Amino acid sequence: MFPITKKELAANFPDWANIPGDILTCIADMAHSIQDRVRMTAVCRSWKASLVDQKLNFPPCLMLTKANDKYCFYDMSKEEIFAELDLPEIRGRRCWGSPFGWLVTCGPDLEIQLFNPLSKDSRPLPSLCTLNQTLLEKLILSSNPEDSGSDCMVLAIYSELCFLAFAKPGDQAWTRINDIGGVDDAIYFKGNVYACRSTGEVVSYQDSHGTLSKANEFPPPSPVHRHRKKHLFDLGGNLCLASENITVEFEIFKLDTHTKSWEKLFSLGDNSLFLGNRCTFAVAAADHPGCRPNCIYFRCVYYKAYITYICQEHLKLDMHYDKKYCTVYPFPFSFSPLIWIIPQSQKRRR
């Protein structure tokens, strides 16, 4: 029996790395598990290149920290972990989520960056040191930095007085917005930045040639508890404010920017609201199978080891929480911060 050479051995086995792209795409389309499709992109570089344009419809999920640089993505609708990734790139970094597939992270050295946990692509942002601060409350991403024509911006709420600043990828320093403090939340909405004070007033700023200039001021909704935590979010093209307190009471208002008036909402319609201090956003439930329409997903302060959703229709006029109308999920990693994210695979750069 003659020994088989490496060349002969290779000739007897298929070259999996060079499967034609159209065939590989057909195989990926038949893989119904998101986790399997993520694993396919990790097989080799050629597979990743062939599948990079494949749209994966990821659900809104929690990014949870495990040991040894492992992070898992927990699908609330199926109550299961659908992906687990090694991410040493964000070891020891604080993270804020987004509905755009990217995290905004800050390291112990106060260096800040954008990071896509699927593609591991990153974009530098100015250091927090350029604000002469070490206290950072929140980082908010305006849009997907890979979208065509996107003028991506990151908003920072910083210092004990909760001042506001902004920067764009590639900037050398953060730009302070000096005429506002006490900011609870901020959002980039329809070309403008809106910031909400803890007292409920909302101020808008127009993005003009790299600077933000004050455009308008809006009185607080009435009635609203002035010192409840406030969250701003886009609800089907409307700017909305959610107010919550530790007894799990919610008030939700929609802003009419023309009349400067607020309308109190008692329904989210066909939308789901994912609410948290690290990220808040709403999605159309129909776009994400398994999401409950007209529901709020949040962490109940009385049950920190659980995630809860509550149908908005069961929040009466006083918007009071009633356990009999809630579904409570065991939260597998109660020590993890509440980071909502909708993962997105990296788009091909043309």
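When we follow this note's numbering, the leftmost residue of the sequence shown carries the number 9, and every step to the right adds one. For every residue, glycine included, the Cβ atom is placed at its ideal position computed from N, Cα and C. Computed from a prediction, not measured in an experiment: that's the story for all the values here.
{"Item": "Reference C114, options A57, L93, K146 and P227, closest by Cα", "Value": "K146"}
{"Item": "Collapsed DSSP secondary structure at L126 in the structure displayed", "Value": "coil"}
{"Item": "DSSP-derived helix/strand/coil call for K56", "Value": "helix"}
{"Item": "Any alpha helix (DSSP H) of 4 or more consecutive residues that is wholly inside the stretch 157-217", "Value": "none"}
{"Item": "Inter-residue spacing [alpha-carbon to alpha-carbon] between S212 and N224", "Value": "5 Å"}
{"Item": "Where the beta strand (DSSP E) containing H296 begins and where it ends", "Value": "Run containing H296: none; DSSP gives neither H nor E here."}
{"Item": "L346 - containing beta strand (DSSP E), residue span", "Value": "Premise fails: L346 is in no beta strand (DSSP E) and is neither H nor E."}
{"Item": "Beta-carbon contacts of P134 that lie in its chain and below 8 Å, excluding the five residues immediately before and after", "Value": "I120, A175, D179, Q180, A181 and W182"}
{"Item": "Any 3 or more C-beta pairs closer than 8 Å across the stretch 73-88 and the stretch 260-277", "Value": "no"}
{"Item": "From I347, H266, H296 and L143, residue whose alpha carbon lies closest to that of F306", "Value": "I347"}
{"Item": "Own chain residues within Cβ distance below 8 Å of D1, not counting five before or after", "Value": "As shown, the chain starts at 9 and ends at 358. That puts residue 1 outside it, with no answer to give."}
{"Item": "Buried or exposed (CB count within 10 angstroms, at least 16 for buried), R286", "Value": "buried"}
{"Item": "DSSP state of W24 mapped onto helix, strand, coil", "Value": "helix"}
{"Item": "From G218, K238 and S216, residue whose alpha carbon lies closest to that of E209", "Value": "K238"}
{"Item": "Helix, strand or coil at D326 according to DSSP, with G and I counted as helix", "Value": "Unreliable placement is indicated for D326, whose pLDDT of 34 sits below 50; no coordinate value is reported for it."}
{"Item": "Sheet register partners of S269 (DSSP bridge)", "Value": "D264"}
{"Item": "Span separating the alpha-carbon of Y196 from that of E97", "Value": "27 Å"}
{"Item": "Local Cβ density within 10 Å of E88, reported as buried at 16 or more and exposed below that", "Value": "exposed"}
{"Item": "Residues bridged to T73 (per DSSP)", "Value": "Y79"}
{"Item": "Boundaries of the beta strand (DSSP E) in which S135 is found, first to last residue", "Value": "Looking at the DSSP string, S135 is not in any beta strand (DSSP E), and its letter there is neither H nor E."}
{"Item": "Under the three-state DSSP convention, the category R47 falls into", "Value": "helix"}
{"Item": "Bridge partners - D242, DSSP secondary structure assignment", "Value": "L247"}
{"Item": "Exposure label - Q214; buried when at least 16 CB within 10 Å", "Value": "exposed"}
{"Item": "Cα-Cα separation, L172 to R101", "Value": "21 Å"}
{"Item": "Simplified DSSP state of E252, which is helix, strand or coil", "Value": "strand"}
{"Item": "For K222: DSSP bridge partner residues", "Value": "Y213"}
{"Item": "Nearest neighbour of S206, chosen from D159, S251, L276 and L247 [CA to CA]", "Value": "S251"}
{"Item": "Under 8 Å between C-beta atoms of N253 and H233", "Value": "yes"}
{"Item": "DSSP state of Q352 mapped onto helix, strand, coil", "Value": "coil"}
{"Item": "Three-state class that DSSP yields for L32 in the structure shown", "Value": "helix"}
{"Item": "Buried versus exposed, by CB contacts within 10 Å (16 or more), A25", "Value": "exposed"}
{"Item": "Alpha-carbon spacing of E271 relative to N246, whole angstroms", "Value": "11 Å"}
{"Item": "For L95, the three-state DSSP class (helix, strand or coil)", "Value": "coil"}
{"Item": "Nearest residue (CA-CA) to S230, options L273, G218 and K222", "Value": "L273"}
{"Item": "T288 to N152 span [Cα, whole Å]", "Value": "16 Å"}
{"Item": "Cβ neighbours of L163 in the same chain (closer than 6 Å, five flanking residues each side left out)", "Value": "I148, F174 and A194"}
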